[in-house]
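>
Residue numbers (the numbering used here): 13 to 190.
1. Judging by CA-CA distance, which residue of 44, 15, 48, 16 is the nearest neighbour of residue 29?
2. Would you mind working out which of 133, 122, 82, 103 sits nearest residue 91, comparing C-alpha positions?
3. In terms of alpha-carbon separation, which member of 181, 72, 187, 186 lies closest to residue 23?
4. Whole angstroms are fine: how far does the CA of residue 76 sit from the CA of residue 44?
5. Is it the case that the Cβ atoms of residue 199 and residue 179 are separated by a distance below 8 Å?
6. Quick one: grab the DSSP three-state call for residue 26.
7. With DSSP as the reference, label residue 61 as helix, strand or coil.
8. Where DSSP assigns a beta bridge to residue 186, which residues make up the other side?
See the structure below:
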C-alpha cells in the first residue's frame, strides 16, 4: 500500500471519528497494523465517557498511543496505518501547554507537518471544523478558532485526500477515497 495522508473534517459529533476508523480499517486490509494516536488526556467525566465510547468501537487489534504525537508519527512503520484523533485537541494542548505564555504555533505546526511527512505508513487525521459557527465572544476562543482554521488549511494542503463529514455523510473535498 502506498503511503497517503487523509484529513477528515467535521463538526462536533458529526460522525467524523466513526468514518475515520472505518477508513483506517479499509486502508489497513488484513495485514497492516492499526495505530490509534490519542491527543487528549482524560480530565473530566464527560471526556472519560467519550474516550470509553471510542475504545468500545475499536477492537484489541488497535495499538493505542496517548500523547507523543510527533514521535509516534515519525516512528510509524511502513505496515501501519495510524488514526490521529484529533488535531483539535492536539492544538488545545499546544495553546495551553505553558500557562500565561503565548504558544509558538507556527513552530508547533511545522513539527507536526514534518512528523506527518516522515511517517512511513498512511495517516488519517481527524480535525474539527470550528469556523462554521458564530464568532466567539471570548478572545481566547476567537484565537483558538483562528488557529484551528490555520491548522486545518495547512493539513489540507499536505493531505492527499480531504473529506468533510456532515451528519455522518462524507463529502470529498480533495483527492479520491479508496
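No residue lacks a Cβ here, since even glycine has one placed at the ideal position from N, Cα and C.
With the structure as the only source:
1. The residue labelled residue 29 in the question sits at position 17 within the chain shown. Among 44, 15, 48, 16, the Cα nearest to that of residue 29 is on 48.
2. By one-based count along the chain shown, residue 91 stands at place 79. Nearest option by C-alpha distance: 133.
3. Here residue 23 refers to the residue found at position 11 when the chain shown is read from its first residue. Of the candidates 181, 72, 187, 186, the one whose C-alpha sits nearest the C-alpha of residue 23 is 181.
4. For the purposes of this step, residue 44 is taken as residue 32 along the chain shown, with counting starting at 1. For the purposes of this step, residue 76 is taken as residue 64 along the chain shown, with counting starting at 1. In a straight line, the C-alpha of residue 44 is about 15 Å away from that of residue 76.
5. The structure shown does not extend to residue 199, since the chain is modelled only from 13 to 190, so the question has no answer here.
6. Residue 26 sits at position 14 when you count from the first residue of the chain shown. Reduced to three states, the DSSP call for residue 26 is coil.
7. Here residue 61 is taken as the residue at index 49 of the chain shown, counted from 1. Residue 61 falls in the helix class under three-state DSSP.
8. As a first step, residue 186 is located in the chain shown; it is residue number 174 there, counting from the start. Note: residue 186 sits in a beta bridge opposite 174.
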